[in-house]
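Protein chains in written order, with the working numbering: chain F, 736 to 1078; chain D, 736 to 1078.
Virtual Cβ for every residue (Gly too), placed ideally from N, Cα, C.
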DNA sequence: CATGCTTCTGTGAGCGTTCACAGTAGAGAA
DNA sequence: TTCTCTACTGTGAACGCTCACAGAAGCATG
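Right, here's the structure in full:
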């Protein structure tokens, strides 16, 4: 890329200009910029006035060059791209993280690692120190990125528990098992006894935990689990539709379905409608996430709310703490049952 | 062994290390890094080998400090945050831009300016030169950001034509008017004559143009426009639902609705179902965008596809050209009618 | 042989910060 | 007074890179 002069842009004022304007030295200006310790009130005031007058904004490149920090954070998505399209949760998470970081004046770099090539390029970029830390969204166990970054010593916080990395990687997650328990208890309280489940991918902790919650509650209620009532999907709408069809074929007498994501639940509704089952009269349907898909669905979905606002805020908090030298941490946040039309 | 998190990061190799390894000078390494002109094949090879061996990655901060470029691009969203949640189009655009930039090895900084405070902070950040250019997503006419950035001489490409800035700001847009014409012609070809419209916000060019296309085609067909058949929304699902209710009240005999976005069309479907109108038998519904909302809708929406892939690719192309010194440009891309179940 | 031209290479300066260190002024203690 | 301590300020040296420039080597031309 050869970028010639862009025309109208003037050279922005430097710390030097501010120092001259304020009648102090660079050092003093720098001290004011970085917290104002050991600066006299007089100088403090003069510098602030000069900053306002000149419109000075710190040159982050120069700062980064010497501090070794970049003062920016990467948001890394290693999911297949279709999910990013389809799943409204990413939006919420991305927005939450961006805003939480903005409060600290830290820019967010968006990194999408769909292909293997992209993954390598991004890993290089990150390990070269171009970001101070990484917010990772990837629930898949086979994902080597988390391990690579951890080995390189890059501060990292995952959304959802990464498999196989134990306590070495920070993560923030909703209480999947407890959420699933709430939903299944709710379905039981409606008198439903033949409750099917469409799980998430079972190579992800989320998928496993939600299924575990389902099984636990049924066991507690003295209901034997029936393998014909259990099918698994991959969180996509299409897999929900297919899953519901398998369920209907294997267990035509089902009277409720717990679906491990709202998007899949949309697919389940489609399949049920096609099969002539009324929701919720014939079959009650419970989703998971409380994404915008839950409201878009007809009928609107009863679902388990994941506290995405808090999740993103916590991810940022934990990451910044870790960059500050603290040890990795795990945060589990409570979920909430949201009753709507589908149950 | 629990290694202290940040402690594990070694100082990355510098251009100096590479030069020593390759037995050449910094200057030669730099030349190889920047295109390899005026470098002998021997040196070229030695440098590349040294880069591979040391795992060197350029320090962008040091480079930026001297070049004055940041080699990064901002993606600025000034829409109200709810739309970002709800509208799947943003995802597609954001992903497209990120990937198009990745091909040039340029990171994308995500900037959300929901509040006035955020707007000011971000404007300062941008005008301070921390990004080389901005991809702007904001169709609202009252938005002062585009004008501010233009005045500051920041290369800028908008998605959709910005109102009131004439030819001074680059933009990339789909051919809204032509798309609307296609859809209305399609509805006419089905024999529908009482065609309602739910427009987008009429302070945006997209909203205006799609309405204009609707009116033109009706006029060409010799059908008088009926004000009772025209209501406007704001692209949200809720406004589509409300719009359809107004239409049904004002013109109960309508047999088709052209809706200016898929999301609003979802709302229209909801209202029609509640009113007992069958789609498409009683009322045909045409959307606009071909977002994932079109496939999620029941029945699936006939819609006008906006070529988001090409839009994002063109936005990046035009922006990089402008950074390279070229004049602002406007790009209009063709749309396509996608027939599905709703017509 | 000198001259010019092209292709290649090394060197010093400098981008705008922060940081370590040295230094100053004033207050209080000996 | 002199010394010490604290609060503050200025200065040079980096950080890692690119750029301009000077110079070397090779080759053709006069």
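Interface residues of chain F around residue i at Cβ under 9 Å?
i, result
"residue 844 (chain D)", "807, 842, 843, 844, 845"
"residue 883 (chain D)", "Per Cβ cutoff of 9 Å: no residues; residue 883 (chain D) is ~13 Å from chain F at best."
Output needed for residue i: all residues of its chain with C-beta closer than 7 Å, excluding positions within five of it in sequence on either side, in chain order.
i, result
"residue 1066 (chain D)", "907, 1049, 1053"
"residue 904 (chain F)", "881, 885, 891, 893, 897, 1063"
"residue 774 (chain F)", "763, 766, 767"
"residue 761 (chain F)", "750, 751, 754"
"residue 1072 (chain F)", "917, 918, 921, 1039"
"residue 748 (chain F)", "789, 790, 791"
"residue 736 (chain D)", "Residue placement at residue 736 (chain D) cannot be trusted, given a pLDDT of 29 that sits under 50; the coordinates are not used to answer."
Can you pull the chain D neighbours of residue i, defined as C-beta to C-beta under 9 Å?
i, result
"residue 792 (chain F)", "859, 860, 862, 863, 864, 865"
"residue 747 (chain F)", "862, 863, 864"
"residue 853 (chain F)", "834, 837"
Please tell me whether, using a cut-off of 7 Å, the distance from the CB of residue i to the nearest non-hydrogen atom of the ligand NAP is below it.
i, result
"residue 1030 (chain D)", "Of the ligands one can find in the structure shown there are none, so the ligand NAP has no counterpart to examine."
Take residue i and list the residues in its own chain whose beta-carbon comes closer than 8 Å to its own, dropping the five residues that flank it on each side.
i, result
"residue 1044 (chain D)", "827, 831"
"residue 824 (chain F)", "1024, 1026, 1041, 1043"
"residue 753 (chain D)", "764, 782, 785, 786, 789, 791"
"residue 1031 (chain F)", "1001"
"residue 991 (chain D)", "922, 925, 927, 929, 930, 931, 1018, 1019, 1020, 1021, 1078"
"residue 1057 (chain D)", "868, 890, 891, 892, 905, 1063, 1064"
"residue 986 (chain D)", "929, 931, 961, 963, 964"
"residue 771 (chain D)", "779"
"residue 1046 (chain F)", "828, 831, 894, 907, 908, 909, 1068"
"residue 989 (chain F)", "929, 930, 931, 964, 982, 983, 1018"
If you drop the 5 nearest sequence neighbours on each side, which residues of the same chain put their C-beta closer than 6 Å to that of residue i?
i, result
"residue 1035 (chain F)", "1075, 1076"
"residue 847 (chain D)", "812"
"residue 967 (chain D)", "934, 937"
"residue 1006 (chain F)", "976, 979, 980"
"residue 1037 (chain D)", "1021, 1074, 1075, 1077, 1078"
"residue 845 (chain D)", "810"
"residue 865 (chain F)", "805"
"residue 1015 (chain D)", "1077, 1078"
"residue 947 (chain F)", "912"
So residue i contacts chain F; which residues on that side make the cut at Cβ distance below 7 Å?
i, result
"residue 799 (chain D)", "796"
Short-range partners of chain D found in the region 1017-1047 of chain F, where Cβ spacing is below 7 Å
Within the region 1017-1047 of chain F, the residues whose Cβ lies closer than 7 Å to any Cβ of chain D are, in chain order, 1027, 1031, 1033.
Taking 8 Å as the threshold, find out whether the region 955-968 of chain F comes into contact with the region 926-940 of chain F through three or more Cβ pairs.
Cβ pair count under 8 Å is three or more, so yes.
Does the region 990-1006 of chain D come close enough to the region 1015-1035 of chain D to have 3 or more Cβ pairs within less than 8 Å?
Result yes; three or more Cβ-Cβ pairs closer than 8 Å.
Pairing CB atoms from the region 940-959 of chain F with CB atoms from the region 973-989 of chain F, are three or more of them under 8 Å?
The region 940-959 of chain F makes no contact with the region 973-989 of chain F, as fewer than three CB pairs between them are under 8 Å.
What residues in the region 986-1016 of chain D have a beta carbon less than 8 Å from any beta carbon of chain F?
For the region 986-1016 of chain D, which is checked against every Cβ of chain F, the residues closer than 8 Å are 1001, 1005, 1008.
Three or more beta-carbon pairs under 8 Å between the region 792-803 of chain F and the region 844-858 of chain F, yes or no?
At 8 Å Cβ cutoff, the stretches do not touch.
Any contact of the region 805-816 of chain D with the region 768-778 of chain D, i.e. 3+ C-beta pairs under 8 Å?
A contact is defined here as three or more CB-CB pairs under 8 Å, and the region 805-816 of chain D fails this definition with respect to the region 768-778 of chain D.
Pairing CB atoms from the region 910-929 of chain D with CB atoms from the region 870-889 of chain D, are three or more of them under 8 Å?
The region 870-889 of chain D and the region 910-929 of chain D do not touch, with fewer than three beta-carbon pairs separated by less than 8 Å.
Uninterrupted alpha helix (DSSP H) stretches inside the region 981-1040 of chain F (no shorter than 4 residues)
Taking only runs of at least 4 residues, the alpha helix (DSSP H) segments lying wholly in the region 981-1040 of chain F are 997-1009, 1027-1031.
Pick out the complete alpha helix (DSSP H) segments inside the region 895-956 of chain F, 4 residues or longer, and give them in chain order.
The region 895-956 of chain F is shown to contain whole alpha helix (DSSP H) runs of 4 or more residues at 911-924, 940-955, in chain order.
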